[in-house]
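Trainee: In the working numbering, the protein residues as written are 1023 to 1368. The beta carbon of each residue, even a glycine, is placed where N, CA and C say it ideally should be. If you're wondering where the values come from, they're calculated on a predicted model, not measured in any experiment. Would you mind keeping the following structure in view while I ask a few things?
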Amino acid sequence: MMWKYLLAKLGHGSARVDLVLEKDCYALGDEVRGRLIIHGGEVEQKINGINVDLVLHLWANQRQHTRRVTRIPFPTSFIIGVREVKEYPFTFRLPYNLPLSGHGISYVFHTTLDIAQGVDSSDSDPIQVVPPARLACLLQAFAELGFREKHGSRSFNGYVQEFAFFPTAFLHDRVKEVEFTAAVDDHGIRLWLEVECHSYGHGREIRREWYVTNEVLDQPSLLTQQLRHTLEEMAATGVAGHHMGQYTHGHGFPSGHGWHGHGTYAHTPHGWHGHHGHFSGGIGGFAAGMLGGMVAGELLEEAMESITDNDSGIADWVNQVEDQVEDWVDDAGNFLDDIGDFFGDD
């Protein structure tokens, strides 16, 4: 028996945990349901508790980043007998601001069984996070108009998740690409649309905020009709802007329009880089800001590896961090200016 206890402390023949989910595919806002099953080992053991972590894996800046979305703790301690089986219900509701599974984005539930005086047991269960029903209706409306998602669509731009489409029929002679970011709430979906128009070899970008109510989303034909009208109007604005020369270039809005968060505006592709930064409630907004902290941590890790007996390694690292911080400050300044432009002087 003593031999079994010793082996159990080393992780051989000890208790183990298994998270069993009802399915492996969930939409934003769905309730994830399942069971936590604890299997007793060869000896009786005390369990201090169970932790279930939802972990996001994100590929960005040519690196794999990992961040815990949330931890669902089960702090109750108990004794698990020899080969005994215990079950506990598991529920968790996915928030709406997570990025969808897709290009370089994946999720896993990582479950840990905290075994007193023993090696903890763990279990991993990947899941797919897909669009909620209302957003799926919108994607179908794009498909009805002949738009197809581009390779790399649903990628994370550092602030929110972007969807990118190219036309195959409707507007294919005037529009090169349509992108949008979205925020889902109880009453509908707020979209930030961006249409890149063909303009004599130089792309022109037209942007518009559009709120689609649940009433419209529940009527596919009406939704497709309104989407068609909106995109057609934006494409026409791009052509008119080119011929009339009425739009400013670079950062900011067309002068004299008094734009305060509604309507359409155009500019060259070089302007308004930070316009997604304030959409914290948008799809993918959860991950906003995570890359900055991760990059700082990676710089520190690289510095510790490069430090030698002299101070050159530290000096190089300090210069590198200073450069990175200056970039972040510049980006933040541009971003705040863009927010002011977006909402107007008010």
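(1) Which one or two residues does DSSP pair with glycine 1063 in a beta bridge?
(2) Aspartate 1367: buried (16+ other C-beta within 10 angstroms of its C-beta) or exposed?
(3) Measure from the alpha carbon of glutamate 1106 to the alpha carbon of each residue in Val1065, Ile1149, Phe1131, His1251, then state which is nearest.
(4) Quick one: give me the first and last residue of the alpha helix (DSSP H) that tyrosine 1164 is part of.
(5) Are the CB atoms of leucine 1050 and leucine 1116 nearer to each other than 9 Å?
(6) Please state whether the Cβ-Cβ distance between tyrosine 1181 and glycine 1307 is less than 9 Å.
(7) Determine the extent of the beta strand (DSSP E) in which leucine 1213 is found, giving its start and end residues.
(8) Below 6 Å CB to CB, which residues in the same chain sit around glutamine 1150 once its five sequence neighbours on both sides are set aside?
(9) Per DSSP, which one or two residues make a beta bridge with alanine 1186?
(10) If distances are taken between C-alpha atoms only, which option among Gly1062, Glu1199, Glu1231 comes closest to alanine 1205?
(11) Any idea which residues DSSP pairs glutamate 1231 with across the strands?
(12) Decide if glutamate 1218 is buried, meaning its Cβ has at least 16 other Cβ atoms within 10 Å, or exposed.
(13) State the Cα-Cα distance for the pair threonine 994 and glycine 1126, rounded to the nearest angstrom.
(14) Does asparagine 1083 come out as helix, strand or coil in the three-state DSSP assignment?
(15) Count the other CB atoms within 10 Å of the CB of tyrosine 1110; is the residue buried (16 or more) or exposed (fewer)?
(16) Cα separation between arginine 1196 and arginine 1170?
(17) Note down, in chain order, each residue of its chain lying with its Cβ closer than 8 Å to the Cβ of isoleucine 1101, except the 5 sequence neighbours on either side.
(18) Please report the Cβ distance between isoleucine 1228 and leucine 1160, rounded to the nearest whole angstrom; I am assuming they are in contact, meaning their Cβ atoms lie under 8 Å.
(19) For threonine 1235, is the classification buried or exposed, using 16 other Cβ atoms within 10 angstroms of its Cβ as the cut-off for buried?
(20) According to DSSP, simplified to helix, strand and coil, what is valine 1141?
(21) Compare the Cα-Cα distances from lysine 1172 to each of Ala1163, Thr1190, Leu1157, Glu1166 and report the closest residue.
(22) Go ahead and label histidine 1087 buried or exposed: buried means 16 or more other beta carbons lie within 10 angstroms of its beta carbon, across all protein chains shown.
(23) Skipping 5 residues on each side, what residues in its chain have a beta carbon closer than 8 Å to that of serine 1144?
(24) Spatial neighbours of proline 1148 within its chain, please: CB distance less than 6 Å, with the 5 preceding and 5 following residues excluded, ordered by chain position.
(25) Please look up how many angstroms separate the CB atoms of phenylalanine 1015 and isoleucine 1072, rounded, as I've assumed it's under 8 Å.
(26) In the DSSP output, what is lysine 1172 paired with across the bridge?
(27) Only counting the same chain, and skipping five residues up and downstream in sequence, which positions put a Cβ closer than 6 Å to that of glycine 1267?
(28) Nearest-angstrom Cα distance between histidine 1279 and glycine 1056?
(29) Output yes or no for whether 9 Å exceeds the beta carbon distance between glycine 1163 and leucine 1249.
(30) So, is arginine 1156 buried or exposed, given that buried needs 16 or more other C-beta atoms within 10 angstroms?
(31) Can you tell which of Phe1192, Trp1081, Arg1093, Gln1247 has the C-alpha that lies nearest to the C-alpha of phenylalanine 1178?
(32) In or out: asparagine 1083 buried (at least 16 other Cβ within 10 Å) or exposed?
(33) Given a threshold of 16 other Cβ atoms within 10 Å of its Cβ, counted over all protein chains shown, does glutamate 1237 qualify as buried or as exposed?
(34) Along the chain, where does the alpha helix (DSSP H) that runs through leucine 1239 open and close?
(35) Tell whether a beta-carbon distance below 9 Å holds between leucine 1245 and leucine 1253.
(36) What is the rounded straight-line gap between the Cα of glutamine 1247 and the Cα of valine 1152?
Mentor: Inspection of the coordinates gives the following:
(1) To locate residue 1063, count along the sequence shown from 1; it is residue 41. Bridge partners of glycine 1063: none, in fact.
(2) If you number the sequence shown from 1, residue 1367 lands on position 345. Caution is warranted here: a pLDDT of 45 is assigned to aspartate 1367, below 50, making its placement in the model unreliable, and the coordinate value is therefore given only provisionally. That one is exposed.
(3) Along the sequence shown, read from residue 1 onward, the residue named residue 1106 stands at position 84. Cα-wise, what sits closest to glutamate 1106 is Val1065.
(4) Position 142 of the sequence shown, counted from the start, is the residue given in the question as residue 1164. Before going further, note that residue 1164 is phenylalanine rather than tyrosine in the sequence given. Per DSSP, phenylalanine 1164 belongs to the alpha helix (DSSP H) from 1155-1166.
(5) The residue labelled residue 1050 in the question sits at position 28 within the sequence shown. The residue labelled residue 1116 in the question sits at position 94 within the sequence shown. It is a contact, given that the beta carbons lie within the stated cut-off.
(6) The sequence position of residue 1181 within the sequence shown is 159, counting from 1. The sequence position of residue 1307 within the sequence shown is 285, counting from 1. Contact flag set, yes.
(7) By one-based count along the sequence shown, residue 1213 stands at place 191. From DSSP, the beta strand (DSSP E) with leucine 1213 extends over 1210-1219.
(8) On the sequence shown, residue 1150 is found 128 positions in, with the first residue counted as 1. Once the five neighbours on either side are set aside, the close Cβ partners of glutamine 1150 are Cys1047, Ser1123.
(9) Counting from 1 along the sequence shown, the entry for residue 1186 is found at position 164. According to DSSP, alanine 1186 bridges with Glu1201.
(10) Along the sequence shown, read from residue 1 onward, the residue named residue 1205 stands at position 183. It is Glu1231 whose Cα lies nearest to the Cα of alanine 1205.
(11) As a position in the sequence shown, residue 1231 is number 209, starting the count at 1. Paired residues: Trp1214.
(12) Here residue 1218 refers to the residue found at position 196 of the sequence shown. Glutamate 1218 comes out buried.
(13) No statement about residue 994 is possible, as the shown extent of the chain runs from 1023 to 1368 and does not include it.
(14) Start at 1 with the first residue of the sequence shown, and residue 1083 comes out as number 61. Here asparagine 1083 sits in coil by DSSP.
(15) Working through the sequence shown from its first residue, we reach residue 1110 at position 88. The residue in question, tyrosine 1110, is exposed, as its Cβ has fewer than 16 Cβ neighbours within 10 Å.
(16) Counted from its first residue, the sequence shown places residue 1196 at position 174. Counted from its first residue, the sequence shown places residue 1170 at position 148. One C-alpha to the other measures close to 16 Å.
(17) On the sequence shown, position 79 is the one that residue 1101 refers to. Closer than 8 Å at the Cβ level, and outside the excluded window around isoleucine 1101, lie Glu1066, Gln1067, Lys1068, Ile1069.
(18) Position 206 of the sequence shown, counted from the start, is the residue given in the question as residue 1228. Position 138 of the sequence shown, counted from the start, is the residue given in the question as residue 1160. Incorrect: roughly 19 Å between the Cβ atoms, too far for contact.
(19) For the purposes of this step, residue 1235 is taken as the residue at position 213 of the sequence shown. Under this definition threonine 1235 is an exposed residue.
(20) Walking along the sequence shown from the start, residue 1141 turns up at place 119. Residue state, collapsed to three classes: coil.
(21) Numbered from its first residue, the sequence shown carries residue 1172 at position 150. When each option's Cα is compared against that of lysine 1172, the closest is Thr1190.
(22) Your numbering for residue 1087 matches position 65 in the sequence shown. Label assigned to histidine 1087: buried.
(23) Translated into the one-based positions of the sequence shown, residue 1144 becomes position 122. Within the same chain, serine 1144 has close Cβ partners Val1039, His1132, Thr1133, Thr1134, Leu1135.
(24) In the sequence shown, residue 1148 corresponds to position 126, counting from 1. Once the five neighbours on either side are set aside, the close Cβ partners of proline 1148 are Val1130.
(25) This structure leaves residue 1015 out entirely; the chain is present only between 1023 and 1368.
(26) Here the question's residue 1172 lines up with position 150 in the sequence shown. Note: lysine 1172 sits in no beta bridge, so no partner.
(27) Here residue 1267 is taken as the residue at index 245 of the sequence shown, counted from 1. Residue confidence for glycine 1267 is low, a pLDDT of 42 falling below 50, so the modelled location carries little weight and cannot support an answer.
(28) Residue numbering aside, residue 1279 sits at position 257 when the sequence shown is read from its first letter. Residue numbering aside, residue 1056 sits at position 34 when the sequence shown is read from its first letter. Residue placement at histidine 1279 is flagged as unreliable, the pLDDT there being 28, under the threshold of 50; the coordinate-derived value follows with that caveat. Going by the C-alpha atoms only, they are around 54 Å apart.
(29) To locate residue 1163, count along the sequence shown from 1; it is residue 141. To locate residue 1249, count along the sequence shown from 1; it is residue 227. A quick correction: the sequence has alanine, not glycine, at residue 1163. Their beta carbons are under 9 Å apart, which means alanine 1163 touches leucine 1249 by this criterion.
(30) To locate residue 1156, count along the sequence shown from 1; it is residue 134. The residue is buried, with at least 16 neighbouring Cβ atoms inside 10 Å.
(31) Translated into the one-based positions of the sequence shown, residue 1178 becomes position 156. Checked all of Phe1192, Trp1081, Arg1093, Gln1247; the closest Cα to phenylalanine 1178 is Trp1081.
(32) In the sequence shown, residue 1083 corresponds to position 61, counting from 1. Asparagine 1083 is exposed by the Cβ-count criterion.
(33) Here residue 1237 refers to the residue found at position 215 of the sequence shown. The residue is exposed, with fewer than 16 neighbouring Cβ atoms inside 10 Å.
(34) Sequence index remark: in the sequence shown, residue 1239 carries index 217 (1-based). Taken as a continuous stretch (DSSP letters only), the alpha helix (DSSP H) holding leucine 1239 covers 1236-1239.
(35) The residue given as residue 1245 occupies position 223 in the sequence shown. The residue given as residue 1253 occupies position 231 in the sequence shown. Not in contact: leucine 1245 and leucine 1253 (Cβ atoms no closer than 9 Å).
(36) Counting from 1 along the sequence shown, the entry for residue 1247 is found at position 225. Counting from 1 along the sequence shown, the entry for residue 1152 is found at position 130. Taking the straight line from one Cα to the other gives about 25 Å.
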